[in-house]
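Trainee:
In full-length UniProt numbering, the protein residues as written are 1 to 389.
Shown next as structure tokens:
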């Protein structure tokens, strides 16, 4: 593989490790500080809003300022965010840190880092793009699972609050390493130097618009059941301890990672679009059933079944985007559709925080499942004639 691919994979692994860690820790940390569910919901909202803002900056100025420069700036903000979360318990400071840090609520990501990396990987991989994206996402989920496991360490160490707070120093250090790594990453800049979508063809702009609408609908459903919200749901609904939650989400992410190896192989037989849709529909049936199980064991079993197929659409969706868009179009297309996904997921934390405070524990799963199945059917009907293979 090309040197840049190895560098991208290294950065991806490090980043998703700390994302997996803080996505589990953050809602619990806020609860330990005494903030009520509404504050937790607002905090997760701010985390998603920060990713939206960063993707918008990348979309409009990434090819003017330079993609590498912006990625370095975002990495510095990660470092600063980690320091603020470590050093303060004041909510305005925490809120600012959560907004500026590009922190993932899912354990994975839809932020500016992935927008660039997925957009430029086709330059280095050629016909092996599908499998390269499988490895990229496999590494991401594997690292995220280790991060989720690491989040449970404070449960076994002295003063839990002190050790939970200390975990954000690891997040800060990851930002510094990323500054160095992105400085060494070559051949990621665009040939065009225009802001926003100037210079893109009408067909590309129409596809970006259509996919943005579809992805935002899918993300609205996904925003109701992010890893952060699931950890909070298990914590509130079944009283699951932080120690157990770390182990639970390590296993969840291991199951997810295993599925990402299989997804490109299925796509080589039936196509990216069909793999995206078929596996996603099955996962959403399991999603709807999770809160109906009525016990921690039952809900966890259904969550694992869901995760066994729910993310097979990730590498296949990225490969699908590479089929639809040219090299010059991919990074802005990824940035805009990722922005749409982030915007679509924005209401989720606020809605779930309110529903949980009212004791409506099942509703987020049911709404999410049906919203995501509607997305599956719509994207299949719109694009089945273009990129089935």
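Using N, Cα and C, we set each Cβ at its ideal position, and we do this for glycine too. No experiment lies behind these values; they were computed from the predicted model shown.
Under a three-way DSSP split, which group does residue 329 fall into?
Mentor: In this structure, residue 329 counts as helix in the three-state DSSP scheme.
Trainee: Taking 7 Å as the line, does the beta carbon of residue 30 fall inside it for any heavy atom of the ligand GDP?
Mentor: Questions concerning the ligand GDP fall outside what the structure shown contains, since it holds no ligand whatsoever.
Trainee: Whole angstroms are fine: how far does the CA of residue 352 sit from the CA of residue 333?
Mentor: Approximately 30 Å, taken between the alpha carbons.
Trainee: I'd like the list of long-range same chain contacts for residue 98, defined as Cβ closer than 6 Å, with 5 residues on each side in sequence excluded.
Mentor: The residues are 43, 46, 47.
Trainee: Looking only at C-alpha atoms, which of 239, 154, 312 sits nearest to residue 279?
Mentor: Taking only the C-alpha atoms, the option nearest residue 279 is 312.
Trainee: Please decide whether residue 357 counts as near chain C, where near means a Cβ-Cβ distance under 8 Å.
Mentor: This model lacks chain C altogether; it includes just one protein chain.
Trainee: For residue 227, is the classification buried or exposed, using 16 other Cβ atoms within 10 angstroms of its Cβ as the cut-off for buried?
Mentor: Flag for residue 227 reads buried.
Trainee: For residue 376, which residues from the same chain have a beta carbon less than 6 Å from its beta carbon, with the 5 sequence-adjacent residues on both sides left out?
Mentor: Hits under 6 Å: 277, 280, 281.
Trainee: Check whether the stretch 113-122 and the stretch 213-220 touch, using three or more Cβ-Cβ pairs below 8 Å as the test.
Mentor: Cβ pair count under 8 Å is below three, so no.
Trainee: Quick one: what does DSSP say residue 280 is sitting in, helix, strand or coil?
Mentor: It is helical.
Trainee: Could you check the C-alpha separation between residue 224 and residue 51 for me, to the nearest Å?
Mentor: If you take the alpha carbons of residue 224 and residue 51, they lie about 17 Å apart.
Trainee: Rounded to whole angstroms, what's the CA-CA distance from residue 286 to residue 222? Just pull it up for me.
Mentor: Rounded to whole angstroms, residue 286 to residue 222 spans 14 Å at the Cα level.
Trainee: Return the residue from the list 72, 33, 345 that minimises the CA-CA distance to residue 162.
Mentor: Of the candidates 72, 33, 345, the one whose C-alpha sits nearest the C-alpha of residue 162 is 33.
Trainee: Can you look up residue 383 in the DSSP assignment and give me helix, strand or coil?
Mentor: Residue state, collapsed to three classes: helix.
Trainee: Please determine if the stretch 303-322 and the stretch 260-272 are in contact, where contact requires at least 3 C-beta pairs separated by less than 8 Å.
Mentor: Cβ pair count under 8 Å is three or more, so yes.
Trainee: Whole angstroms is fine: what's the gap from residue 130's alpha carbon to residue 13's?
Mentor: Taking the straight line from one Cα to the other gives about 18 Å.
Trainee: Could you tell me how far apart the beta carbons of residue 288 and residue 369 are, in whole angstroms, since I believe they sit closer than 8 Å?
Mentor: Yes, they are in contact, since the Cβ atoms of residue 288 and residue 369 sit about 4 Å apart, within 8 Å.
Trainee: Would you mind listing the alpha helix (DSSP H) stretches within the stretch 91-165 that are 4+ residues and don't spill past its ends, in chain order?
Mentor: Entirely contained in the stretch 91-165, the alpha helix (DSSP H) runs reaching 4 residues are, in chain order, 91-100, 112-125, 129-150.
Trainee: Pick helix, strand or coil for residue 35, following the three-state DSSP scheme.
Mentor: The answer is coil: DSSP assigns residue 35 none of H, G, I, E or B.
Trainee: Report the rounded CA-to-CA distance for residue 18 versus residue 174, giving the unit in angstroms.
Mentor: Each residue's alpha carbon lies about 7 Å from the other.
Trainee: When you compare the stretch 331-348 with the stretch 202-215, are there three or more beta-carbon pairs, one atom per stretch, that lie closer than 8 Å?
Mentor: Touching, yes, given that three or more Cβ pairs across the two stretches are closer than 8 Å.
Trainee: Contact between the stretch 166-181 and the stretch 69-79: three or more CB pairs below 8 Å?
Mentor: Touching, per the Cβ criterion.
Trainee: On a Cα-Cα basis, can you pick out the residue from 57, 231, 292 that is closest to residue 102?
Mentor: Measuring from the Cα of residue 102, the nearest candidate turns out to be 57.
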